[in-house]
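Working notes, structure below.
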Amino acid sequence: MSSDTKTEDKGKKKARPGQKVDFRSGNEMASLAASHVNFHLMGYYPITPSTEVAEYLDEMGANGEHEVRMIPGDGEHGAAGTCYGATTAGGRVFNATSANGLLYSLEQYPVQSGTRYPMVLNLVCRSVSGPLDIRGDHSDLISALDMGWIVLCAKDPQTVYDLVIAAVKIGEHADVRLPVIVADDGFFTSHQKRRVEYFEDRKPIQDFIGPFQVINSSVDPANPITIGPYMNDPDQINNKKQLSMAMGAAESVIPKVLEEWGNISGRHYRPLETYKMEDAETAIFIVNSAADTTMDVVDKMRAEGKKVGMMYPTMIRPFPSEHIRQACKNVKALVVADRADSYGAHGGRMSHEIKAALKDDPDNRTMVISRIYGLGGKDYYFEDGVGLFEVAAEAVKKGKVEIPYDYIGTSPGDPSYNPPKGKPALTKEEQSPGIIKVVQNETTGKLDVKGVKQRDLTAMPHRITAGHGACPGCGIFPSIGTFLKGIEGFVVMLWHTGCGMVVTTGYPNSSFAVTYIHNLFQNGAATMSGVVEMYKERQKRGEIAQDQDITFIMVTGDGGLDIGLGPALGSAFRNHNMIILEYDNQGYMNTGHQLSFTTPMGHATSTSNIGSVGRGKKFHHKDSAQLFAATHIPYVFTGSETDYKDLIRKAAKAQWYAKNEGMVFGKLFSDCPLNWRHPDNNGQEVVQAGIDCNFFPLYEVEHGITTLNYDPEAKGKKIPVTDWLKTMGKTKHMLKPEYTQIVAQFQEEVDRRFARIKAMSENPLL
Amino acid sequence: MANLPIVNNLGFYEIRMESVGGFGANLAGKILGEAGVLGMGFNGSNFSSYGSEKKGSPVKSFIRFCSPDIIVRENSPVIEPHMLVIFLETMLSYPGMLSGVGKDTVVIANTSMTPDQARDTMKLQTGTVVTIDAMKIAVEEKTRVNTALLGTVAAASGFIDPEAIKEYIRKNLGKKYAFLIEPNLKTFDRGALEFTSKFFEDDGKYPAQPFRAEGQKIGYMNQVIGGAITTPGNSIHKDLTVSRSGYIPVLLLGKCTSCGECDITCPDYCFVWDKETDKKGKEVQKLLSIEYKHCKGCLRCVDICKFDALVSRVEYEVDKKIIEDGYTD
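Chains as they are written, first to last, in our numbering: chain A, 1 to 766; chain B, 1001 to 1329.
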């Protein structure tokens, strides 16, 4: 640790032999590294800001640039499971995630490390919800520190590339055999383009990492093994001792691998990078992208004659304790800046680990000060770094630390500020114009809905208000808005993560005139079931008036019924008095149009690219309405704003069933002009074409009896699927000759599913 | 290699682009960054301010250039730009648009206004104002405003090589969009030629607009705990006109039957209704107007209206009174 970070050779524009100079972001560099490693498999689930890693890799794969097998998960938990299984089957595995994606899959990480299967995870660091925040901080990263994974930190796009490659070799080392996280900062690094270098072909990387050494293979019938036994005491502690020993081995393996890579690439990394630390009296320790800005601050203050320095880690698991002790020998005050808080621990996580490291040096007198910065992705400016050095200087001057732990960059707010009022609460009377009547036939038990008149229904107040930030022509709001015209009285809604939620509730604004809850992508239905049952219990206990009547509607879309299918089915099995509405827009639109399980075959998305070998999505669309029909809840329907009278009629029935019998599931065909790529104005025509080609049958299932509400053939409106596919940019390629077979398969599946619904409609027993 | 005409104390020439999603500011920033770093040999960086990826929402793109031997470390947004590029005329008067702009800043505005008019709209204290009617060029060439603005950026910068940008326009359009290359290069050339530029001294007319002048009104002392919003539906105060891309629906009340279908199809809940008594003495719903503040110009309502009571019009040709009233007879 005697010399500072070598920087002089990074300034040259000319590439090193075999390498290319380019202008790329962190996510691009992660995917380039993955393509050069040519992992056998990537299991992933899209989550901002890591999504692009899979997107770029899929796009390269669609053009035959690598052989990485791409498996879209049903959620991050499932993706981690896919990765785990794949590692047991003896190959190189890659994943990328962020924030709640990491936490959702967290229980899988000790499985991966405890059974000793190496893989590489690119953690693109982001603030953990809630409230939901998509920008970069380290609240996800600190949750990953005790999982038995090696954790490397990449402060810029170049480092992302180098460390993803090095991680392969580190984790697979015979003395290590551990999975590795490469963490870089969401947006600051993942989406910022910098001048970078990378190898023009994968050979130097392949030579560097060598062939994968298979240990404990799950697909070797000649050598049957048991992976993951039931292991209580006295054995599990020894498994963990081994893991700890492997982590110890990694401490010496990592510098060696980094040195070897440095000799090949010309880019050198050390476990702890120090900058102007030799004679520094005050210093900052900071992780990842903010280290860059801090170095600029050091340069400026050095020019003013101040003895300042800084350090940032390349690895934090194992933690570079000895390197830190060496670097801090003569430091009088050190500010440890954490981009995450360990609430209640009187300091950020890194500050505690550094204090612990320094405690082991009996001669060390460094005062360590904890400052929390940049939560939720708040920018770290040059002035912030200056301010941190002032905190350290103050401690040196006074000989003590007055405020050992604090936040920087917060705002107290203006207590005299009165935010503009929204809308007065809608009364029950205002929301109950009494236009629609639902009557149950006493003999047949069937529901009859009267009064669906769209002119009269303009009197129904909008529970969702104007001023939301959806794209022009968004189909979500006509779909849900039209449904709500059929719902009388008080409404409480829960929307889980997705476009609809993001564009309506950007703090401090809300487009909900009624009470609204958000919970994460996978858990909306379960959350709403808790709301419903608490409401009933409080009514039972007399805490809420018996005659108050709320209709509970949970809204999902943007693929939320992929990751959230389990909890939604669970809620259906329990038959709560609530409505689940799925706006099916055939993709994860809030993260930039990745495939969802509802994306039909052949459709192009950012993770089902078309190219020289890519042919769009490889498997058929999920039929969520039939999944819910199979739970035998009282009422399941499909609907579309294009047949708004049908949809409003179904809404009125849904409310009746939710109030009197239990769970209702409705699937709405909701267009997305941005990602389906059609003009903003003609969403209804595109959706209608999807209905007229029988892709999206309009039907309802009451008490298990199916009624087809619209038969295009009977109305003389039936068209081939190609007449729908030609209306959208995401499917236009399917009209080309090379897609003939895929279109035929798609048409056959559409026809088969429609015929099935029709047969069910004609036979109450089906 | 060209020299940067002016740099800040870290050695950067800094550009900030202000736009909304869908106008290509992100791509323009990428092309500019690639042209500068890979084409012209500067070092530099480029990134955009991201929220959720929505068309019509504000977006900023940042580009930094420095000499090739300087290491790029700064990764926070550009706060004192040497060049500010404003993609939409409607954004000129936005609060904070000019934050950090000073006498050395070149402000490029996509507008049909003169530099004097644009300066007054923006309330610029001092600096160079460059106006270019990029929307007109884009409409005529069937391209987007971003390419025209890149032409103006190159010409007004005094150091950016137009050929380098053209090379990266070609590369970004690639084989996939090869048919767009020629019209885009023409758009670029027109952007480089058809602008007007004027420098304004600080004549005391408008104050400076430094960065971060204002503190946050809601903070840890007055945020409702848990982040709950207790002002239902307060997004109604928002003005979304910036989301429109040139067209608006116009309501011809004389043809309207108040059938209610527009109210079904409008994603932005813009239609204003009230009760009236019809000829038979019955109380009925009557469509009164469009709330243009919330209209994003998607024209779904024009598509659905069976009575031609909603028609598509080029926004700047529509009488301002119609937009204020929300209808015409």
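All C-beta atoms in this analysis are idealised placements derived from N, C-alpha and C, irrespective of residue type, glycine included.
Check: Which partner residues of A/Ala54 appear in the DSSP bridge assignment?; Outcome: A/Ala54 pairs with nothing; no bridge assigned.
Check: Restricting to Cα atoms, I'd like to know which of A/Arg615, A/Leu178 and A/Lys536 is closest to A/Pro737.; Outcome: A/Arg615
Check: Start and end of the beta strand (DSSP E) containing A/Glu273?; Outcome: Leu272 to Tyr275
Check: Grab me the residues of A/Glu67's own chain with a C-beta within less than 7 Å of its C-beta, minus the 5 sequence neighbours each way, in chain order.; Outcome: Asn38
Check: Considering only residues of the region 69 to 114 of chain A, which uninterrupted alpha helix (DSSP H) runs meet the minimum length of 4 residues and lie entirely inside it, listed in chain order?; Outcome: 76 to 88, 99 to 104 and 108 to 114
Check: Rounding to the nearest angstrom, what Cα-Cα distance links A/Ala249 and A/Arg177 in this structure?; Outcome: 10 Å
Check: Do you know how far the Cα of A/Gln19 is from the Cα of A/Thr605?; Outcome: 31 Å
Check: Name the chain A residues that come within less than 7 Å of B/Glu1340, Cβ to Cβ?; Outcome: A question about residue 1340 of chain B goes unanswered here, because the residues of chain B that appear run from 1001 up to 1329.
Check: Specify the secondary structure class of A/Ala154 as computed by DSSP and reduced to three states.; Outcome: strand
Check: Using DSSP with H/G/I as helix, E/B as strand and the rest coil, what is A/Gln688?; Outcome: helix
Check: Can you check whether the CB of B/Tyr1050 is closer than 8 Å to the CB of A/His138?; Outcome: no
Check: Please report the distance separating the alpha-carbon of A/Glu8 from that of B/Ile1070.; Outcome: Residue placement at A/Glu8 is flagged as unreliable, the pLDDT there being 40, under the threshold of 50; the coordinate-derived value follows with that caveat. Taking the straight line joining both Cα atoms gives about 9 Å.
Check: Tell me which residues of the region 468 to 480 of chain A have at least one Cβ-Cβ distance to chain B shorter than 8 Å, keeping chain order.; Outcome: His468, Gly469, Ala470, Cys471, Pro472, Gly473, Cys474, Gly475, Ile476, Phe477 and Pro478
Check: Please report how far the alpha carbon of B/Ile1169 lies from the alpha carbon of A/Gly716, in whole angstroms.; Outcome: 48 Å
Check: If you measure between the beta carbons of A/Ala625 and A/Val636, is that distance less than 8 Å?; Outcome: yes
Check: Could you pull out every residue in the same chain whose Cβ sits closer than 8 Å to the Cβ of B/Asp1268, ignoring the five residues on either side in sequence?; Outcome: Leu1240, His1294, Cys1295, Lys1296 and Cys1298
Check: Are there 16 or more other CB atoms within 10 angstroms of the CB of A/Glu231, so buried, or fewer, so exposed?; Outcome: It should be pointed out that residue 231 of chain A corresponds to Met in this sequence rather than to Glu. A/Met231 is exposed by the Cβ-count criterion.
Check: Going along chain B, which residues have a C-beta under 8 Å from A/Gln192?; Outcome: Ser1045, Asn1046, Phe1047 and Asn1075
Check: Would A/Pro420 pass as an interface residue toward chain B - the criterion being a Cβ-Cβ separation below 8 Å?; Outcome: yes
Check: Among A/Ser289, A/Glu543 and A/Arg339, which residue has its Cα nearest to the Cα of A/Pro157?; Outcome: A/Ser289
Check: From the DSSP secondary-structure annotation, give me the bridge partner or partners of A/Arg24.; Outcome: A/Arg194
Check: Using DSSP with H/G/I as helix, E/B as strand and the rest coil, what is A/Gly602?; Outcome: coil
Check: If you draw a straight line from the alpha carbon of A/Glu278 to that of A/Met311, how long is it in whole angstroms?; Outcome: 11 Å
Check: Check for me: the alpha helix (DSSP H) holding A/Lys300 runs from which residue to which?; Outcome: Ala290 to Ala303
Check: Using the rule of at least 16 other Cβ atoms within 10 Å of the residue's Cβ for burial, across every protein chain shown, is A/Glu76 buried or exposed?; Outcome: buried
Check: Tell me the DSSP bridge mates of B/Asp1274?; Outcome: B/Lys1286
Check: Run the CB neighbour count on A/Lys776, radius 10 Å, all protein chains shown included, and call it buried at 16 or more, exposed below.; Outcome: Because chain A spans 1 through 766 in this model, residue 776 of chain A falls outside it and cannot be assessed.
Check: If we ignore side chains and look at the alpha-carbon of each, how far apart do B/Lys1198 and B/Pro1115 end up?; Outcome: 6 Å
Check: With a Cβ-Cβ cutoff of 8 Å, do A/Tyr583 and A/Ser511 count as a contact?; Outcome: no
Check: Classify A/Tyr44: buried if its beta carbon has 16 or more other beta carbons within 10 angstroms, exposed otherwise.; Outcome: buried
Check: Whole angstroms is fine: what's the gap from B/Phe1047's alpha carbon to B/Ser1061's?; Outcome: 6 Å
Check: If distances are taken between C-alpha atoms only, which option among A/Ala689, A/Asp185, A/Trp676 and A/Ala658 comes closest to A/Thr642?; Outcome: A/Ala689
Check: Applying the 10 Å Cβ sphere with the 16-neighbour rule, what's the burial state of A/Arg649?; Outcome: buried
Check: How would you call A/His576, buried or exposed, if buried means at least 16 neighbouring beta carbons within 10 angstroms?; Outcome: buried
Check: Would you check if the region 581 to 601 of chain A and the region 550 to 561 of chain A touch, i.e. whether three or more CB-CB distances between them fall below 8 Å?; Outcome: yes
Check: Out of B/Lys1282, B/Glu1283, B/Asn1110 and B/Val1250, point me to the one whose CA is closest to B/Cys1270's CA.; Outcome: B/Val1250
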